[in-house]
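Numbering follows the numbering used here, in which position 807 of the sequence shown is assigned residue number 810; successive positions increment by one, without gaps.
One structure is given here, and the rest of the page talks about it.
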Amino acid sequence: MSAIARKVLVCAALDGLILQPLSTKGQRPFQPITIRYGDSSISSVPRDQVPDISGPDSSFEAFGVIGLITVSKLSYLITITRRQQVAQILGFPIYVVTGVAITPCSTKQEADESIRRTAALLQKQISNDSNDDAESSDEDVEIHRAGIDEVEDAVVDEDGACPTSPRSSVVEDVMRRRGSYGRFAQRWFSKSGWTMDQRRSLGLSISAANSPAATEEDAPSVSKISMEEEVRALNRPTELLPKLLRTMQVFFGSSRSFYFSYEIDITRSPSQTQKSLQSNQNAPLHHQVDSQFFWNRHILDQFIMAGQDSIILPLMLGFIGQRIFTVDSEPPQMDEAAAESLELANMPASGSLPASPPKGLTRASVDLRPSEKKCLITLVSRRSTQRAGLRYLRRGINEDGFTANMVETEQVLSSPAWDPATPIHSFVQIRGSIPLFFTQSAYSLKPVPVIQHGTESNFKACKRHFERLSSDYGSLQIVNLVEKKGVEEPIGSQYQLNIERLNKDLSTENKIPFEWFDFHHACRGMKFENVSRLLIKLKGKLEELGSTTRVNGEITQRQAGVLRTNCMDCLDRTNVCQSSFAKHMLDLQLKADGFDMTAQLDQETKWFNTLWADNGDAVSKQYASTAAMKGDYTRTRKRDYRGALNDLGLSLARFYSGMVNDYFSQAAIDFLLGNVTEKVFEEFESDMMTKDPAVSVANMRQRAVELCQKRVVADVNEEIHGGWALISPNRANVVKTWPMEEVVLLLTDAALYLCRFDWDLDKVSSFDRVHLANVTHIKFGTYITSTMAPGHMDEMKNVGFVVSYQPGKSNVKRTNTRTLSTNGDIAPSSTSKTDDDKTQLSFANFFSPKAKSPDVRILAFKAPYMDSSTAVAGAGGRQQTELQQVVTICAEVERLALEAQLRKEGEDDKRLMEKCEIISLQEAKRNTGLLEQLGHSIKKLVWA
């Protein structure tokens, strides 16, 4: 059997993990390789030299290798243990991953134990599958389906077993399962919730806990003992490692979002794939795929570098679904098609293409008239790896012109057998976040978008984005669905202004039309059928762009461009409109083949609407962790109060996921794609937050320094000696506040400038100018401002300095009232001690033991961490440490201050620098507030 022949045998051997293919000579894609313990070498071995493995639980069969991850010096191999065929393209089967195994590779003992338990679990699953349906094979059985955030917290039935029903409806997700979208909901709603959570804490127990046959004795793939041994073996592995492994299990396996094929490239259009099959028959599959949609590229790096092309299996994140439908060139005008509609009514709700007719319906029972023809529609959505992530954590655009939630959706019309003589039509659309720098808070049901950075920075990134789209797709048509009034209007207007400015530099034929359709206003009162107004406006443009047609291997017509559709999230409104555009193009394609769908009875709506609704749900779950809103209209073309109530439930579920689940999931996604190093988990453990790796912190700080130099230093005679981005209290004359903020320090030959910067707007909020002649003392050393995490208490990395100075008329303070920054009160530069000044200093002294008397003021600075998780290649040379940076700045300030004071006082042996602790570790522990401890504990409880 060819499907089984492509399986890979993963077994524990004395010399390491051996991936022994069962395929015969010449079959793709796997060949034997060996991964040896304690060594990074990967080498091929002849099949006859593979050690003999005995025992029923010493090995398990896998359908492919996803990749290898390494965290805290521990390596884990991720392999596919369950799959389901969902489609066939050009005669080749397409699979979705439904289960994975994560096998530790650091020691043989752990690998043996994990493999034994995985094998036992798979045997139980296969046995149960066989009992349920003797006709079904192990790879075709569908296990419980849930979203990325739902699987870990799936609600069990009354008997404690996880249900095995196919894809559930949105109503079931929200109502029947009582909103089980997170760990806390699972604990409260399920009587076995706490037991399942205890099993989770032991390691890789998701598959065991969620399998239909799981019992209390089923142990995780990595036992608690082995996990504890790993922790003891290393100095300090991340505490989040078990959570990461659980996330991998859910992300790759249970989410049902990753698709693959052994023979063909699914990241490109079938017309391109067909040509590639003819010209690149011997080229490895991973060389053929589009890197933008190759999701496991980074974690396959070790196999790629070792030249093991035969086992490299590219995965695509997105959606693939198919439907067979019947068209009639001479349709009956009465309801004589009831018999034919029976076939459609019996088709499964999932996106899979059945291998045989539904039960109770044979091919003979639905005879086709001479005027009838069967067609196959295939829908493929491909999610980009660029600026990938989750709602609210990845919005807008990055400096390279890539936008969040970028998805290419292709609708393909063909014959069920993919007959080359029958025209194959392909229509492509794209969606993506508004190409501006903006953010939205996850702590609001209707968050206000905040545009970041300057107008010029936004325009440059937007221009780069559309240049790339024009190069990839040709002509463009923008469809903007955000509101023309309310909180969405400013970002929509800025988007439109950027396109108008961009079009001024383009020729007439290359200009980008911008259609702004206020979806909420046009469809108010749940009248979603008003989307037809947009279709009428764009009908001419749609037909002008056309679609791609291939006959007998030759392209007879090529799509001239694409529609780029967006709303705020590029999910719900976008789904409704894209399905409307796709339906119009399908009608045109069928009409070109001699079938007028407008003359047929309304039997085509259900299968088309269901297919697009499933696509919308998949894209939505991958970005927002829930099914799509307005899905009832997409499925039925009707809207009522039940759909509105369902959308309310989904809004609450998204709100919960955005606050609780998404932060760590985003860190895991960035790590898997190679955007960050494993240090991201140490940073997450410290701050319970994730940073955007697409934003170059170094570039952002350099721009801020340059802008401050232009805006702040008014005297052209002042020579600038340096500028640095540092951490400082958000008030003057104290050494610690909660929170601290990032500022810019400028140093000239005359003065020192502390610039408080609005990083969202790229503007100077305020600045304090201290004349160097007034500097009295500089001390540097340990500067601990938090004791919430080990990284915060590292005395070698947490260093800073304090500059003391005498108040005087030569010191200046300026505030930019046009900024939106609200940094709180800053101590006045006047020498008089007002009541407000005394009150502020008294309040500061309460929290800061280092606050000075009003006679001497201070400016405190802490060095930001030099190393981060952002995986950017170094420019060469050794990076400066935090202490080295602090000493360099202090020495320069001292030199220039002494020069200014020598000219004033005539002294020649004065020293200002002193090494001493600013806030010691013991002092920081004593002064850590209860509120700060409570806040971090709650964050850790919820997010980690």
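Cβ atoms here follow ideal geometry from the backbone N, Cα and C, with glycine treated the same way.
Computed from a predicted structure; not experimentally measured.
Whole angstroms are fine: how far does the CA of threonine 788 sit from the CA of proline 831? For proline 831, the predicted model reports a pLDDT of 38, less than 50, meaning its position is unreliable and no value from the coordinates is stated.
Opposing strand residues paired with threonine 568 [DSSP bridges]: Arg434 and Val482
Leucine 500 versus Ile129, Lys542 and Lys463, residue with shortest Cα-Cα distance: Lys463
Would DSSP call histidine 780 helix, strand or coil? strand
Under a three-way DSSP split, which group does leucine 509 fall into? coil
Can you have a look at threonine 559 and say buried or exposed, based on whether 16 or more other CB atoms are within 10 angstroms of its CB? exposed
Looking only at C-alpha atoms, which of Val679, Tyr476, Gln88 and Val103 sits nearest to tyrosine 79? Val103
Just the Cα atoms here: how many angstroms apart are isoleucine 781 and threonine 442? 39 Å
Within the chosen definition, does the segment 885-895 reach the segment 756-768 through at least 3 CB pairs nearer than 8 Å? no
Exposure of cysteine 919, with buried meaning 16 or more beta-carbon neighbours within 10 Å: exposed
Would you list the one or two residues that DSSP bridges to alanine 90? Ile97
Spatial distance of serine 429 from glycine 597 (CA atoms): 17 Å
Bridge partners - glycine 619, DSSP secondary structure assignment: Answer is none; glycine 619 lacks a bridge partner.
Shortest alpha-carbon distance to tyrosine 476 belongs to which of Ile315, Gly564 and Tyr265? Gly564
Under three-state DSSP, which class holds phenylalanine 261? strand
So, are the CB atoms of phenylalanine 517 and leucine 244 less than 9 Å apart? no
So, at 7 Å on beta carbons, what are the nonlocal neighbours of lysine 466 in its own chain, with the 5 sequence-adjacent residues on each side left out? Leu505
Measuring CA to CA, which of Ser313, Phe263 and Lys111 is closest to asparagine 285? Ser313
Could you tell me if glycine 528 is buried or exposed, where buried requires 16 or more neighbouring beta carbons within 10 angstroms of its beta carbon? exposed
Own chain, CB closer than 7 Å to leucine 247, minus 5 neighbours either side, in chain order: Val74, Ala671 and Phe684
With a 10 Å radius around its C-beta and 16 neighbouring C-beta atoms as the bar for buried, classify isoleucine 539 as buried or exposed. exposed
Flag this pair as touching only if the segment 316-335 and the segment 81-94 have three or more C-beta atom pairs under 8 Å; answer yes or no. yes
Anticipated Cβ contact below 8 Å, cysteine 573 with arginine 434, distance rounded: 5 Å
Quick check on DSSP: helix, strand or coil for lysine 865? strand
For isoleucine 97 versus phenylalanine 263, is the C-beta distance shorter than 9 Å? yes
How about serine 384 and asparagine 618: do their beta carbons lie closer than 9 Å? yes
Residue nearest to asparagine 299 in terms of C-alpha spacing, selected from Tyr265, Leu71 and Ser257: Leu71
In this structure, how does DSSP classify glycine 256 when only helix, strand and coil are distinguished? helix
Below 8 Å on the Cβ atoms is my contact criterion, and I expect isoleucine 861 with valine 806 to pass it. Report the Cβ-Cβ distance as a whole number of Å. 7 Å
Nearest residue (CA-CA) to leucine 905, options Asn720, Leu886 and Val778: Val778
With three or more beta-carbon pairs closer than 8 Å as the criterion, would you say the segment 794-804 touches the segment 863-870? yes
Using 8 Å as the cut-off, can you tell me whether the segment 747-756 makes contact with the segment 715-729, which would need three or more C-beta pairs spanning the two stretches below that distance? yes
For phenylalanine 520 versus leucine 545, is the C-beta distance shorter than 9 Å? no
Measure how close the beta-carbons of aspartate 765 and histidine 456 come, nearest whole angstrom, since I'm counting them as under 8 Å. 5 Å
Taking C-alpha atoms, which residue in Met869, Ala420 and Glu895 lies nearest to leucine 379? Ala420
Quick one: what's methionine 743 bridged to in DSSP? Pro732
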